Structures are given as C-alpha cells and as structure tokens.
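Structure, as structure tokens:
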Amino acid sequence: MSPPPFENLFDFDLLQSRNVGLLGRGKHATLWLLGLLLFLAVSVVTLVLYLQTFEADEGQRRRTADAQWLEQSARFHFRRLEDDLQVLAHQAREAEGAEGQPPEGKFNPGLLLRQPGVVLAHGWLAAGAHASAPPILARLQADAAAQPGNAEMLSVMQDITRSLRRPSYAGPVPKGQPPGAYTVWLAVPLFERGVFSGNYLAALSLDEAVKALIPAWFRQNHEVVLMDEQQMAWAPKTEAQHYNAYLELPGTDLALQVQSIRSDSATVPRMFFLVAMLCLLGMLASLYALRRDFVKRQRIESQLQAQVALRSAMENAVTVGLRAWDLQGRILYVNQAFCRMVGFEPHELVGRQAPLPYWPKPQTDELQLVHQGVIAQGTERAGVEVQFQHKGGQLLDVLIHEAPLSDGDGAQLGWMSSVIDISERKRAERTAARQQEKLEASGRLVAMGEVASTLAHELNQPLGALSGFANGLLNRLKSGRLSNEELESVVERMEQLSAKAGRIIQRVNAFARRREMTWQRVEINAFLRRVLAPLQRQRQLPLQLLLPPEPVWIDADALLLEHALSNLVGNAEFWAHQSTAAPEVQVSVQTVGDNLLLTVSDSGPGVGEDQRDQIFNAFFSGKEDGMGMGLAICRSIVEAHHGRIDVGQSQDLGGACFTVRIPLAGSTQQAA
139 MSPPPFENLF DFDLLQSRNV GLLGRGKHAT LWLLGLLLFL AVSVVTLVLY LQTFEADEGQ
199 RRRTADAQWL EQSARFHFRR LEDDLQVLAH QAREAEGAEG QPPEGKFNPG LLLRQPGVVL
259 AHGWLAAGAH ASAPPILARL QADAAAQPGN AEMLSVMQDI TRSLRRPSYA GPVPKGQPPG
319 AYTVWLAVPL FERGVFSGNY LAALSLDEAV KALIPAWFRQ NHEVVLMDEQ QMAWAPKTEA
379 QHYNAYLELP GTDLALQVQS IRSDSATVPR MFFLVAMLCL LGMLASLYAL RRDFVKRQRI
439 ESQLQAQVAL RSAMENAVTV GLRAWDLQGR ILYVNQAFCR MVGFEPHELV GRQAPLPYWP
499 KPQTDELQLV HQGVIAQGTE RAGVEVQFQH KGGQLLDVLI HEAPLSDGDG AQLGWMSSVI
559 DISERKRAER TAARQQEKLE ASGRLVAMGE VASTLAHELN QPLGALSGFA NGLLNRLKSG
619 RLSNEELESV VERMEQLSAK AGRIIQRVNA FARRREMTWQ RVEINAFLRR VLAPLQRQRQ
679 LPLQLLLPPE PVWIDADALL LEHALSNLVG NAEFWAHQST AAPEVQVSVQ TVGDNLLLTV
739 SDSGPGVGED QRDQIFNAFF SGKEDGMGMG LAICRSIVEA HHGRIDVGQS QDLGGACFTV
799 RIPLAGSTQQ AA
C-alpha cells in the first residue's frame, strides 16, 4: 500500500481558522452585482427609446442635407453654363469684327455645355440682327409660335437681359411627349463700353441637364423628378420622404422633387433590444455561475493561504540559499538564507540582471560565461562551483544546482537554484593542496638531478663554441696571422659565452632549491627580437614573428624565460623539419585581459590527442633520442612565473601550437 500524498499529512484546518469569515463577504458582492444588473437593464431600455427618436431626427437631417446639396450643385452648374455662354458671346462678337475668323485660344466648357443632349441649340443674336436671320433666330421663332404666350415670355427674357444686364431664363417650353420633358431658353447679354451688343441664346433640355448634374451614387438612393409650378401645387404635402430642391433659375419656377428610396428598417432598434435582452439573460446565468465559482474559489484560496504560510515557515528555516531566474537571466525570487549569504536585501536583488552585485569584479567575465551556460541549459548533477562576494567584501565559495522552474501547464519559466556555502570545505581543500605542494616540491628536488643533466647537455653548444674559438685562436697564434683587434674580439666573445653558461647553471641551481628568482620588468617585443635573432642567424630558421604595435610589459626572470623560449622554438624547428611541407615556425604575441599570450606554432605533424595530457611530464619524449625533460622544464619555468602552458593544433600552419599565458606587469603579486 502506497503512502498518502504529502499534502494530506498535515492538518491545514488549523491554519484556516482565521479565514472562516471570508464566505460571508460574498453576499455583499452578490447584492452589488444584482444592483448593477438592474441599472444595466434600465439603461438598455432607455437607450432603445432614445435611439428610436434619434433615428427619426437623423433621417430628417439627412434629407435636408441632401436637398441643400442638390440645390447647390444645380446652381453651380447653371452658373457655370452662364459663364461659358458669356465666353462664347465674346468669341462670337470678336468673330464678327474679324470677318468671320474665330479667335485664337482654348476654351474648356463646363459639364452642362459639354454633356451631349443638354444644349439643344445655341448661337449669337446681335442687336438688330433680325434681318440677317441667324440660325438661332429660326429656333427661337419656332418655339415662340408653338404655344400662346411663348412669344411674350421669350421677348420678356431678352428685355430683362438688356435692362438688368444679367442672364435670364424663359420657360419651360413643353417639348411634347413624354410629359415632363421641358425646354428652357437662356439668354446671356454682352455689353461693350456700356452699349448693348446682343444676346447669346441657348435652348436647354432640362431633363438631360438633370441627368447630367445628378451623379450615379445619388440616384442609387433617391428618385428625382423635375416639376413645374403647377405640379408643385398639386404635389402632396404629407409625405415625409418627399422634399423639393428649387433650381432658382431667374424667369422660371422649377424644382426637383426628391424621394428617398433607401429603406430605414425599423427592425434595427428591435434587434438591438433583443440582443440587449439576450445579454441580460446571459449576465444572469453568468452571475449565478459566478456566485458558485466565487464560493469555491474562496474555499480554495483559504486552503492555499494555509499552505503558503506553512511553506514560507519551512523556507525561512532552511540554511540553503534559494534563487529563481527567468529565461532572460532576471532574478525573480531570493530567500532569507541567500540574502544572509551575500549580505544584500531582497529588494536589492529581485529584478536585477547580470552582472550581479555579488559577483567579484575580477571574475566578472568568467562568471558571465557560467551564467549564460546556466540560463541556457542549467547545471549538471554535480553542480557548478563559483565564488561570490559578500556585501562586506569577503569572498565565499558556493556550490550551485539548478532545476527547471515551470508553470501549471508544464511550460518552463526559468530556473530554480539551490546555493550552498562551501567556503569551509574549499578552505580545507586549499590547506591540503598546500601540503601536497610541499610534497611535490620534495619530489621536484629529486627530479632536478635529471634536470641538471639535461641543462648540462644543452650547455654543450656554448661550451663547444668556446672550444672552437680557443682552437681557432691557438692556430692563428701559431701561424702568426692574428692581430690585436681580432684577438680582442675573440676573447670578448669567449668571455660572453662562458658567462652565459655560468649564469644558466646558477639559475637552474637556484630554481631547483626554490630560491628567490631575479624579477625584472621585461618588454616582450624587444625581448623576443633579442632572443630570436641569433637563432635565425645560426640555424637559418624560417621563423615568422608577429608582434603587437604597442609595447607589452611583464615581470619575469629574463634568463629563465629565455631558456624556456629557446626550448620551445628549438622543439618547433625540429618537428617542422619532420613534415613533407616546407618547414615554418611562427611566434606571435597578443594580450587577453590581464594576461600575455605567447604562441609558438610549427608546420610539423602536430601532437596527437592521446599525447597532449602527458607531453609535459618528465621523461616523456616524442623524439627517439630525447630525454623528455625539455617541455617539463618549460612548464616549471612558466608556472614559476604564475602562468600556464597548453598545447593544441595551429590553425595557420597545421602543426603543434604551444600557448604560454603569463600575467602582465602589475596584474599579480610575485611570490617570494
């Protein structure tokens, strides 16, 4: 039988005794909701009644606006027609003076003059031109004789233009079938220096003019009928959808009767009211469901508050620091144990992103890389060890484990960290390491016998050179072919070689006994040029030297560093000649942060992956006749300078690449 779940092992009712009164608060909320619902119902009914009145007023306003627009549009086009006829009158008058030649110039007529069928006939009628009988006069006389009263109406039109000096209309003159098709005459007078010159007459088809000036979009929603004075008198006055737009053509009494054919459905407010009622019924059902859910939620909230109180007490009692991140690296939560560990208050940490205030400044770059890895994929089972800095300044070692932080649906929100202070354990480990270092130093003293043998072998070159100089000097002396200047130069060179050999032996002896090294400030660019120049001359070495443009300073023992560099370059030269490609060696210098990176690369076969872990061990050598002490000595010298040496593959030359990392001058304290 499986044990009960953890949540059932604690009586949460003990923590819920103070939350009994929460259920009674729902009654007041329900009363407020019912009052709000009643107010909403009254508001909806009032709004429906208001919309009905507003819709009627809006329809009347729209009809008035349509009538005003139609009147203004008709007046504009007829005024434009009058202006066009005025232009034609001037042109006709000028043509008379030029013996019938039309005047030059462009003329852009308006809509009514341009639209076919609107202007039935037009022409210039000069004052006293009845005898010449222009063509327009024949049409005018025909319409005057068509019905009684037309002659008087057309005569009055011409008198008005002459006396009032403004355009005048006459009509309507019925055209016959169909009924309602009218012709209206328009006379535009022309005065020159105050003297009447004549009228420009035009016979207009009103039904075609109405069709031209009313756009198609207006006809889609309206029916327009041209009416004269009698038809307007007999038109019904009670139809709300009818309204008249008066043309106001001087000399006529015409109007356009406009009837709206767009149906304003009365079902709109009813549909609105129906939707409102459905919404109200839905709100009633929702209120009932909300009431049930409210009671249930209060009960669950009470249980949740009790569980939160218990878990908060448990959390405050633990000594492990807890910290929550989001996926962007922003701190979401810290507990009291973590705050005590780093010395910061929760409000100083929550919401902060990298770099964090408890990171040691010298380790910011390294911790930034660790932080990015943690945010991306968490930590392994063993966790990750880093250093934090207390607000007071002291450093502490911590072990961090990360676990995914997910929401209720399983989607990851970030990471939950457990942080354990392991400063005491690390302090004990460092003490043990120092003891181990002393034991290793004793072992080094034993191995230095072999080191001395190797260095003695390396001293064969200066000693051989001394022997060669001595033999040559002796032969020249016996033959009597040696001058004092040559003698002095050879002796000085022999003295330098012997002094160098003596210094090497002394430095190795001091290094083996862990005596104080001779520290001095070294400019690495000048140092490399000085050390590598003789090697290039003596060995004809194809060496490429890549140096930075600015000086780079380190604190070092120049003699030991020269010895290590000579070993690395000699090793690179040997292996470069073991490859089928052209031998090449490259030495480069660059600075990374507070460290100097010195790389020695060759074009040889390189170092295999299985040999890289043991290539710096004593007595391990890849050469057939090698003793395996050269690289071991190099590592000892580099470590004595608080540095590190690594081996890899050269990206440029393809062979081995030895990288020496040494602190720059002033970035570390030299050991005594």
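Under the working numbering, the first residue of the sequence shown is numbered 139, with each subsequent residue one higher.
Built from N, CA and C at the ideal position, the CB exists for glycine as well.
The structure displayed is predicted, hence computed values, not measured ones.
### Task
Keeping to the same chain, check which residues put their C-beta closer than 6 Å to that of PRO305; ignore five residues upstream and five downstream.
GLU220 and VAL326
### Query
Under 8 Å between the Cβ atoms of ARG277 and ALA341?
yes
### Query
At which residues does the beta strand (DSSP E) containing PHE824 begin and terminate?
The chain is shown from 139 up to 810; residue 824 falls before or after that span and cannot be answered.
#### Entry: Nearest-angstrom Cα separation, counted from SER617 out to ASP693
50 Å
### Query
In whole angstroms, what separates the C-alpha of ALA205 from that of PRO310?
22 Å
### Message
Using only the alpha-carbon positions, how far apart do LEU275 and LEU339 sit?
### Response
9 Å
#### Entry: Sequence-distant residues of its chain with Cβ nearer than 6 Å to GLU346 (five each side left out)
GLY255 and VAL256
### Message
In whole angstroms, give me the CA-to-CA distance for GLN629 and LYS638.
### Response
First, the amino acid is wrong: residue 629 is Val here, not Gln. Their backbone Cα atoms lie some 14 Å apart in a straight line.
#### Entry: Which of helix, strand or coil DSSP assigns to TRP553
strand
### LEU470 and VAL488 closer than 8 Å at C-beta
yes
### Task
For PHE796, name the three-state secondary structure that DSSP assigns.
strand
### Query
CB-CB under 6 Å to SER739, same chain, minus the five flanking residues each way: which ones, in chain order?
GLN724, SER788, LEU791 and CYS795
### Message
Please tell me whether ALA444 and VAL456 are closer than 8 Å, where the distance is taken between their beta carbons.
### Response
no
#### Entry: Segments of 4+ residues assigned as alpha helix (DSSP H) that fall wholly inside the segment 271–345
273–284 and 288–302
#### Entry: DSSP-derived helix/strand/coil call for GLY261
strand
### Message
Would the segment 535–555 count as touching the segment 514–525 if we require 3 or more Cβ pairs under 8 Å?
### Response
yes
### Query
What residues in its chain sit with their C-beta under 6 Å from that of GLU523, if we drop five residues either side in the sequence?
LEU537
#### Entry: Nearest-angstrom beta carbon gap, VAL660 and TRP691 [assumed within contact, 8 Å]
7 Å
#### Entry: Per-residue burial, ILE438 [other beta carbons within 10 Å of its own, 16 or more giving buried]
exposed
### Query
DSSP puts TYR471 in a beta bridge; with which residues?
ALA462
### Query
Measuring CA to CA, which of ALA462, GLN573, TYR496 and LYS499 is closest to GLY552?
ALA462
#### Entry: At least three beta-carbon pairs within less than 8 Å, the segment 345–364 to the segment 287–301
no
#### Entry: Between the CA atoms of TRP207 and PHE214 - distance to the nearest angstrom
11 Å
### Query
In terms of residues, what are the limits of the alpha helix (DSSP H) holding THR502?
502–515
### Query
Would you report the Cα separation of LEU428 and LEU176, rounded to the nearest angstrom?
17 Å
### Message
If contacts are defined as beta-carbon pairs under 8 Å, then PRO801 and GLY786 qualify, I think. What distance do you get, rounded to the angstrom?
### Response
Wrong, their Cβ atoms sit about 21 Å apart, outside the cutoff.
### Query
What span of residues does the alpha helix (DSSP H) with GLN358 cover, start to end?
354–359
### Message
On the DSSP letters alone, give me the boundaries of the beta strand (DSSP E) that HIS539 sits inside.
### Response
533–544
### Assigned secondary structure, THR729 (DSSP; H/G/I helix, E/B strand, else coil)
strand
### Query
Is it right to say ASN709 is buried, meaning 16 or more other beta carbons lie within 10 angstroms of its own, or is it exposed?
buried
### Query
How is GLN752 classed by DSSP in three states: helix, strand or coil?
coil
### Query
Counting along the chain, where does the alpha helix (DSSP H) carrying SER704 start and finish?
696–714
### Query
In the structure shown, what three-state DSSP assignment does GLN395 receive?
strand
### Message
Once the 5 residues before and after GLN728 are set aside, which same chain residues still bring their CB inside 6 Å of it?
### Response
LEU735
### Query
What residue range is occupied by the uninterrupted alpha helix (DSSP H) comprising ILE877?
It is not possible to answer for residue 877, since the shown part of the chain is limited to 139 through 810.
### Query
Which residues in the same chain as LEU251 place their Cβ atom closer than 7 Å to its Cβ, once the five residues preceding and following it in sequence are excluded?
LEU219, ASP222 and VAL257
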